[in-house]
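Numbering (the UniProt record's numbering), first residue to last: 1 to 665.
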Amino acid sequence: MQNIEIPEFFLEHTRADWEKAAAAALKGAGLEKLQSTGGDGLVTLPIYGASQTAAPLHLREASLPWTIVQRVDIPEITAANAQILEDLEGGAGGIDLIFPASNRSRGAGINLNSLEDAAQLLQGVLSDLITLRLNCGHEGTAISLAMMEACLAQGIDPAQLRLEGTIDIIGFYARRGWLGNPIEVPEGRLLDLVAYARSRGVTSAFARADGRTFHDAGANATQELGLTLASALYYLKVLERGSIDETTLPHHVSLTLSADADQFLTLIKARALRKLWAALLQGADLPPVPARLHMESSWRMMTKADPWVNLLRGTTSAFAAGVGGADSVCVLPFTSAAGLPNAFARRLARNTQLILAEESNLFRVMDPGAGSGMIEARTDALVNAAWDYFQKIEAAGGVYAALTSGLIAEDIKENRRKQEHDVATGKRPLTGTSAYPNLDEPQVDTISVPELDVAESTQALDLPPPSTDGALSAAILNSLRGQATLSDVVAARERKGGDTCPALEPSRLSEPFERLRACSDAYKERHGHRPKVFLASMGKVAQHTARATFATNLYAAGGFECTEMQEFEQNTDIVRAFERSGAVLACLCSEDDVYERLAVDVCALLKKSGAQRITLAGRLPDLKEALGQAGLSGFIFTGSNILEELQACFDALDEKLPCDQEALS
Numbered sequence: 001m002q003n004i005e006i007p008e009f010f011l012e013h014t015r016a017d018w019e020k021a022a023a024a025a026l027k028g029a030g031l032e033k034l035q036s037t038g039g040d041g042l043v044t045l046p047i048y049g050a051s052q053t054a055a056p057l058h059l060r061e062a063s064l065p066w067t068i069v070q071r072v073d074i075p076e077i078t079a080a081n082a083q084i085l086e087d088l089e090g091g092a093g094g095i096d097l098i099f100p101a102s103n104r105s106r107g108a109g110i111n112l113n114s115l116e117d118a119a120q121l122l123q124g125v126l127s128d129l130i131t132l133r134l135n136c137g138h139e140g141t142a143i144s145l146a147m148m149e150a151c152l153a154q155g156i157d158p159a160q161l162r163l164e165g166t167i168d169i170i171g172f173y174a175r176r177g178w179l180g181n182p183i184e185v186p187e188g189r190l191l192d193l194v195a196y197a198r199s200r201g202v203t204s205a206f207a208r209a210d211g212r213t214f215h216d217a218g219a220n221a222t223q224e225l226g227l228t229l230a231s232a233l234y235y236l237k238v239l240e241r242g243s244i245d246e247t248t249l250p251h252h253v254s255l256t257l258s259a260d261a262d263q264f265l266t267l268i269k270a271r272a273l274r275k276l277w278a279a280l281l282q283g284a285d286l287p288p289v290p291a292r293l294h295m296e297s298s299w300r301m302m303t304k305a306d307p308w309v310n311l312l313r314g315t316t317s318a319f320a321a322g323v324g325g326a327d328s329v330c331v332l333p334f335t336s337a338a339g340l341p342n343a344f345a346r347r348l349a350r351n352t353q354l355i356l357a358e359e360s361n362l363f364r365v366m367d368p369g370a371g372s373g374m375i376e377a378r379t380d381a382l383v384n385a386a387w388d389y390f391q392k393i394e395a396a397g398g399v400y401a402a403l404t405s406g407l408i409a410e411d412i413k414e415n416r417r418k419q420e421h422d423v424a425t426g427k428r429p430l431t432g433t434s435a436y437p438n439l440d441e442p443q444v445d446t447i448s449v450p451e452l453d454v455a456e457s458t459q460a461l462d463l464p465p466p467s468t469d470g471a472l473s474a475a476i477l478n479s480l481r482g483q484a485t486l487s488d489v490v491a492a493r494e495r496k497g498g499d500t501c502p503a504l505e506p507s508r509l510s511e512p513f514e515r516l517r518a519c520s521d522a523y524k525e526r527h528g529h530r531p532k533v534f535l536a537s538m539g540k541v542a543q544h545t546a547r548a549t550f551a552t553n554l555y556a557a558g559g560f561e562c563t564e565m566q567e568f569e570q571n572t573d574i575v576r577a578f579e580r581s582g583a584v585l586a587c588l589c590s591e592d593d594v595y596e597r598l599a600v601d602v603c604a605l606l607k608k609s610g611a612q613r614i615t616l617a618g619r620l621p622d623l624k625e626a627l628g629q630a631g632l633s634g635f636i637f638t639g640s641n642i643l644e645e646l647q648a649c650f651d652a653l654d655e656k657l658p659c660d661q662e663a664l665s
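Right under this line is the structure:
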């Protein structure tokens, strides 16, 4: 083996060698042409050197897999219990319980209203062996207490109970845009809950600093990390006012981030949060407690059209979150955007993680990204950018003040517009939705959401104000034990009116295209077929195929069916075929030299034959004026605004449809 001679081809080359070769390939263009700006808003270089000095980060404990978490949000209690048991038996180690008032409910949520409901929800569940994440909304205190009581009634060791992230004041305020009381009231309830739980021996991390609210509204990775860190600091400051030993303060805050299909960015984001959390604790003179990080696949990336692609998105996001060091990961079922997922979709979500963790053994290396020049450099760049943004928020008075002033909403709006513009112009393609759509795809099965039975309060409760000794929580739990309901507890709260802020509305990137597809569905129901675009293909097949295929895919993204490509002998043949097609929309397709000879005449003939909108696949600046006079409405090309074109096509149909003017709003 020692006598093997390595071919010269494999000998080490210097960075200068690479730059010389790259410059030659670029034919005079600068190397900066190979740079790109990622979802973190930072520049990614085309090549990085190996990092020789970076040590692996301490992520999860070595050789311990991340916890597989499953979301449960079906309203009916017995159905929710059945899902929990099926998930746990199928390999999950944690359950994310979604309640109707939560920011994450999306029109569903477990309809829990009493201690009896809580006990029934956990029937057959060994609650000391799993992690229970609660997404509660404004009912956080009462639900947390009901779930805590149901768990402790099983006779478990309170120290083994893991109820995580039940209270997210900042996320609730940011999403809803209002508080029912001055901020001191929900802060007092959090302190009261923590104090009462500690008196029962429960030391769970009730406060949740959640970046998903910001991510779903359009924040980039820098903003999501900075705002998550600012939220964490907010909760640390609130908890500091309670009777909690400073050495245990960090244990009471959990952190949550979104994981999207940008594999490297998600991995880097998870690593960056560890560094940011460590810097925050160091700056606050708190002990270096490891971050407890939960990640969930991004709601913003999920699509309703061609939902099978979501399986790939979920796999990529789970891989990156797990390799990036998340302590727990939740993969949204692939049909989540279409409705409540059924058992099949939920099983695929579980098995995705089981394959990654247990079959692929991805958890066995603590920080596999360590030493990679790209990952280390981008992690450091993201840490620095997120820390700068965190400091900007703190300089504005902290995350609550920055929400109230509208600063955060303005920052996120700017990035959201950029993301949506990138989707609209195809720079950020959504496979199956804005790129390569399938108009004949079958509908996926989902569970119909039963109408929620909103229980009315049946008895008046006299509850004390929150305190640092848990008096309010004790009184709430005593009332629940006495057959009071959560509705009674909510009705007993005094409402004095609180601050308002611009609400951060969540949206999926695919929604504008889905509204157009719904428009197409409505048209088909009315006419028996989808709206048509006539392909005016000029010249030989080899001359028009490329652009005709491009046009077919572009219009399909809005639910339009293009006519078959044909080879026409004369311009009059094109017109006759257009008239037979029944279409009122037409797109000219060919090569530039053919356009120069025929496009103006064909356009004029189509306009005369009743075409309401005519476009041309390609760009012909020299003929723009002449084509416009002949009746051309616009050009479609790589980088053109797909959404604007599709909306203009629906406008040209001249009939009222459910989604008119909605896609661009």
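A virtual CB, placed ideally from N, CA and C, is assigned to each residue, including glycine.
Distance check for S507 and A557, CA to CA, integer angstroms please.
Here residue 557 refers to the residue found at position 557 of the sequence shown. Here residue 507 refers to the residue found at position 507 of the sequence shown. Distance between A557 and S507, taken at the CA atoms: about 18 Å.
Start and end residues, beta strand (DSSP E) containing F534:
To locate residue 534, count along the sequence shown from 1; it is residue 534. Counting along the chain, the unbroken beta strand (DSSP E) around F534 starts and ends at K532 to S537.
Taking the alpha-carbon positions, what's the I170 to L190 distance?
Counted from its first residue, the sequence shown places residue 170 at position 170. Counted from its first residue, the sequence shown places residue 190 at position 190. Using only the alpha carbons, I get a separation of about 12 Å.
Report yes if the C-beta distance between P287 and T247 is below 7 Å; otherwise report no.
As a position in the sequence shown, residue 287 is number 287, starting the count at 1. As a position in the sequence shown, residue 247 is number 247, starting the count at 1. A contact, by the Cβ cut-off of 7 Å.
Option in D216, R241, S479 and L461 with minimal Cα separation from A409
Translated into positions along the sequence shown, residue 409 becomes position 409. Closest option to A409, Cα to Cα, is D216.
With DSSP as the reference, identify every bridge partner of N135, one or two as the case may be.
Here residue 135 corresponds to residue number 135 of the sequence shown, with the count starting at 1. Answer by DSSP bridge pairing, in chain order: I98.
Do V584 and Y555 have their C-beta atoms within less than 7 Å of each other?
Along the sequence shown, read from residue 1 onward, the residue named residue 584 stands at position 584. Along the sequence shown, read from residue 1 onward, the residue named residue 555 stands at position 555. No. Outside cutoff.
CB of S479 within 7 Å of CB of L461, strictly:
Here residue 479 refers to the residue found at position 479 when the sequence shown is read from its first residue. Here residue 461 refers to the residue found at position 461 when the sequence shown is read from its first residue. Yes, the Cβ-Cβ distance between S479 and L461 is below 7 Å.
In the DSSP assignment, find the alpha helix (DSSP H) that holds C151 and state where it starts and stops.
As a first step, residue 151 must be located in the sequence shown, where it is residue number 151. Annotation for C151: the continuous alpha helix (DSSP H) segment containing it runs G140 to L152.
Less than 7 Å between C-beta atoms, sequence neighbours within five positions excluded: which residues of the same chain meet that for A54?
The residue given as residue 54 occupies position 54 in the sequence shown. So the list reads A370, G371 and E376, once near-sequence residues are dropped.
Which stretch, first to last residue, makes up the alpha helix (DSSP H) that contains L598?
Here the question's residue 598 lines up with position 598 in the sequence shown. Looking at the DSSP string, the run of the alpha helix (DSSP H) that includes L598 is D592 to K608.
So the candidates are E579, H544 and N553; which of them puts its Cα closest to the Cα of E567?
Along the sequence shown, read from residue 1 onward, the residue named residue 567 stands at position 567. If we check each option's Cα against that of E567, H544 comes out closest.
What are the residues that DSSP puts in a beta bridge with G634?
Here residue 634 is taken as the residue at index 634 of the sequence shown, counted from 1. DSSP, once it has assigned bridges, lists T615 as partnering G634.
Runs of beta strand (DSSP E) lying entirely within the segment 481–534, each at least 3 residues, in chain order:
If you keep only unbroken beta strand (DSSP E) runs of at least 3 residues inside the segment 481–534, you get nothing at all.
Keeping to the same chain, check which residues put their C-beta closer than 6 Å to that of V489; ignore five residues upstream and five downstream.
Indexing the sequence shown from 1 puts residue 489 at position 489. A142 and I476.
Taking the alpha carbon of A272 as the point to measure from, which residue in W66, L382 and A577 has its own alpha carbon closest?
The residue given as residue 272 occupies position 272 in the sequence shown. Among W66, L382 and A577, the Cα nearest to that of A272 is on L382.
Say whether chain C places a C-beta atom closer than 7 Å to the C-beta of S473.
The structure shown contains no chain C; it holds only a single protein chain.
According to the Cβ coordinates, are I130 and G90 closer than 7 Å?
Counted from its first residue, the sequence shown places residue 130 at position 130. Counted from its first residue, the sequence shown places residue 90 at position 90. Judged by beta-carbon spacing, G90 lies beyond the 7 Å limit of I130, meaning their Cβ atoms are not closer than that value.
S254 versus V289: straight-line alpha-carbon distance, rounded:
Locating residue 254 in the sequence shown gives position 254, counting from the first residue. Locating residue 289 in the sequence shown gives position 289, counting from the first residue. Approximately 11 Å, taken between the alpha carbons.
Counting beta carbon pairs with one atom in the segment 221–230 and one in the segment 392–407, are three or more of them shorter than 8 Å?
As far as the Cβ criterion goes, the segment 392–407 touches the segment 221–230, which means the pair count is three or higher.
Cα separation between E655 and G49?
Against the sequence shown, residue 655 aligns to sequence position 655. Against the sequence shown, residue 49 aligns to sequence position 49. Spanning the two alpha carbons is a distance of roughly 59 Å.
Compute the distance between the beta-carbons of C501 and L605, then report whether it is under 7 Å.
Against the sequence shown, residue 501 aligns to sequence position 501. Against the sequence shown, residue 605 aligns to sequence position 605. No. Outside cutoff.
Distance check for N361 and L664, CA to CA, integer angstroms please.
As a first step, residue 664 is located in the sequence shown; it is residue number 664 there, counting from the start. As a first step, residue 361 is located in the sequence shown; it is residue number 361 there, counting from the start. Low per-residue confidence applies at L664: pLDDT is 45, beneath 50, and the placement is therefore not dependable enough to give any value.
The alpha helix (DSSP H) that contains residue 669, what's its start and end?
Limits of the chain in this structure are 1 at one end and 665 at the other, which puts residue 669 out of reach.
Could you spell out where the alpha helix (DSSP H) holding Q566 opens and where it closes?
By 1-based counting over the sequence shown, the position of residue 566 is 566. No alpha helix (DSSP H) holds Q566; DSSP gives it neither H nor E.
Output the boundary residues of the beta strand (DSSP E) element that contains D210.
Here residue 210 refers to the residue found at position 210 when the sequence shown is read from its first residue. Segment A207 to D210, the beta strand (DSSP E) holding D210.
Please classify T638 as buried or exposed, where buried requires at least 16 other C-beta atoms within 10 Å of its C-beta.
The residue given as residue 638 occupies position 638 in the sequence shown. T638 comes out exposed.
I'd like the list of long-range same chain contacts for G188, defined as Cβ closer than 6 Å, with 5 residues on each side in sequence excluded.
Along the sequence shown, read from residue 1 onward, the residue named residue 188 stands at position 188. P466, listed in sequence order.
Under the three-state DSSP convention, the category residue 667 falls into
The structure shown has nothing for residue 667, since the chain only spans 1 to 665.
Name the two residues that bound the continuous beta strand (DSSP E) containing S231.
What you label residue 231 is simply residue 231 of the sequence shown in a count that begins at 1. Careful: S231 lies outside any beta strand (DSSP E), inside the alpha helix (DSSP H) at A221 to E240.
When DSSP labels each residue in this structure, what does S372 get in the three-state scheme?
Reading the sequence shown from its first residue, position 372 is the one you call residue 372. The three-state reading of DSSP puts S372 in coil, since its state is none of H, G, I, E or B.
For the putative contact between L504 and R106, defined by C-beta atoms under 8 Å, what is the C-beta separation to the nearest angstrom?
Residue mapping note: residue 504 aligns to position 504 of the sequence shown, counting from 1. Residue mapping note: residue 106 aligns to position 106 of the sequence shown, counting from 1. Rounded, the Cβ-Cβ distance is 15 Å, inconsistent with contact.
So what does C589 bridge to, in DSSP terms?
For this step, residue 589 is matched to residue 589 along the sequence shown. Answer is S537, bridged to C589.
Is it true that the segment 78–85 meets the segment 120–134, where meeting means three or more beta-carbon pairs spaced less than 8 Å apart?
Counting Cβ pairs under 8 Å, three or more are found: they touch.
What three-state label does DSSP hand I68 in the structure shown?
Locating residue 68 in the sequence shown gives position 68, counting from the first residue. It is a strand residue.
Have a look at G30 and T14 and give me their C-alpha separation to the nearest angstrom.
Looking up residue 30 in the sequence shown gives position 30. Looking up residue 14 in the sequence shown gives position 14. Those two C-alpha atoms are separated by around 19 Å.
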